[in-house]
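J.:
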Amino acid sequence: MPRLSDIRGQDRAVARLRAAIAADRVHHAYLFTGPPGAGKRATALAVAAALNCETARGDGCEVCASCEKIALGIHPDVVTLEREGAAQIVPIEAIRREVIGRVGLPPHEAAMRVFVIDEAAALQEASANALLKTLEEPPQRTMFILATAAPDRLLPTIRSRCQRIAFAALPPDARAEVDAEAAGDDGAARAAHLRELAGLIAGFDPAEARDAAAALDAVLAAAARVVETKGDAAPALELAARRLHEAARAAVAAGDPYRARRLGERARLVLETQVAVAVHNAHPQLALEALLARIGGLA
Ligand SMILES: [Zn+2]
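Read in order, the letters of the sequence shown are residues 626 to 924 in the numbering used here.
(1) From what residue to what residue does the beta strand (DSSP E) around residue 759 run?
(2) Just how far apart, CA to CA, sit residue 731 and residue 908?
(3) Could you round the C-beta distance between residue 654 and residue 787 to whole angstroms and report it? I think they count as a contact, below 8 Å.
(4) Report all residues from its chain with a CB closer than 7 Å to the CB of residue 708; omit the five preceding and five following residues, and keep chain order.
(5) Could you work out which residue in 726, 783 and 734 is closest to residue 750 when comparing CA atoms only?
(6) Run the CB neighbour count on residue 642, radius 10 Å, all protein chains shown included, and call it buried at 16 or more, exposed below.
(7) Would you tell me roughly how many angstroms separate the C-alpha atoms of residue 737 and residue 759, rounded to the nearest one?
(8) Any heavy atom of ligand 1 closer than 7 Å to the beta-carbon of residue 679?
(9) With residue 704 as the anchor, note down where its beta strand (DSSP E) starts and where it stops.
(10) Judging by CA-CA distance, which residue of 669, 765 and 792 is the nearest neighbour of residue 706?
(11) Less than 8 Å between the CB atoms is what I'm expecting for residue 671 and residue 697, so what's the real figure, rounded?
(12) Can you tell me which of the three DSSP states residue 648 falls into?
(13) Cβ of residue 691 versus every heavy atom of ligand 1: is any distance shorter than 7 Å?
(14) Nearest by alpha-carbon distance to residue 633: which of 794, 912, 919 and 918 is it?
(15) Going by DSSP, what residue range makes up the beta strand (DSSP E) through residue 767?
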């Protein structure tokens, strides 16, 4: 997970956040807007680290207990909510359990508790309403960072409670820099995971699997996470592969030709990506990014 000073290509957004942290005037709710892959989620986690770092407050150090827990996703006071299941929504149960259930109590150990909601436009209507109540009466030492590529789809009442920070589409040079950093030595390990994934995907027939929808969603969510965090492909892909394997085994006949066709099309694109990486040595990150763009274009 990057430090704030490692975030590339978003100087204006980062400068605003750093100034707020330095002045101890962090807003209780931010809305990060901008295209997928702009680094909204990575920046949100960098903000959480900067606010809670034990040695380098205002930036993050990557090595103290707080920074490490945030990077591993196990910090008890830094909670990321994301899209779940085939419907790809942030369900009300998650908001109740992770947010409402916590905000009545002080943070466990953090100076500032941070809730990251990515992607906020995927909030179920009930989730959005429940969240709105919390944003109207913000708890102490707690902040919310909502990230979205589609701010117009948020409730206006939620938008108006948040301070908006725009993330630009990354310019090609910044992007190349980030990709070069992310490539590292574990490119071979990533390619191996992608090959494994390819085998799993090839092993099931989307025409006869309703659960394949959830499986593919898991793969795509993992791919999105890899792209957004600019690295660490292996754990995300491993998780996706496991879920995919389980779901594929449990798959049952759907009897829904329209859905089967849509799934088949997506599965084909995923397979092409595996081939590009495993056979033609395409850069895993760039290949995943291209995959997401193509899937996004399917509607
Ligand atoms: Zn630290």
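Cβ atoms here follow ideal geometry from the backbone N, Cα and C, with glycine treated the same way.
T.: By the coordinates alone:
(1) Careful: residue 759 lies outside any beta strand (DSSP E), inside the alpha helix (DSSP H) at 750 to 761.
(2) Going by the C-alpha atoms only, they are around 44 Å apart.
(3) About 4 Å separates the CB atoms of residue 654 and residue 787; that is less than 8 Å, so the two are in contact.
(4) Cβ neighbours of residue 708 within its own chain (closer than 7 Å, five residues either side excluded): 714, 715, 744, 747 and 846.
(5) Per the C-alpha coordinates, the member of 726, 783 and 734 positioned closest to residue 750 is 783.
(6) That one is buried.
(7) The C-alpha of residue 737 lies about 16 Å from the C-alpha of residue 759.
(8) The answer is yes for residue 679.
(9) 703 to 707 is the span of the beta strand (DSSP E), which, as asked, contains residue 704.
(10) That would be 669, whose Cα lies nearest to the Cα of residue 706.
(11) Distance from residue 671 to residue 697 at the Cβ level is roughly 15 Å; contact not present, criterion being Cβ atoms closer than 8 Å.
(12) Coil, per DSSP.
(13) At least one heavy atom of ligand 1 is nearer than 7 Å to the Cβ of residue 691, so yes.
(14) Comparing Cα-Cα distances from residue 633 to each of 794, 912, 919 and 918, the minimum goes to 794.
(15) Segment 767 to 773, the beta strand (DSSP E) holding residue 767.
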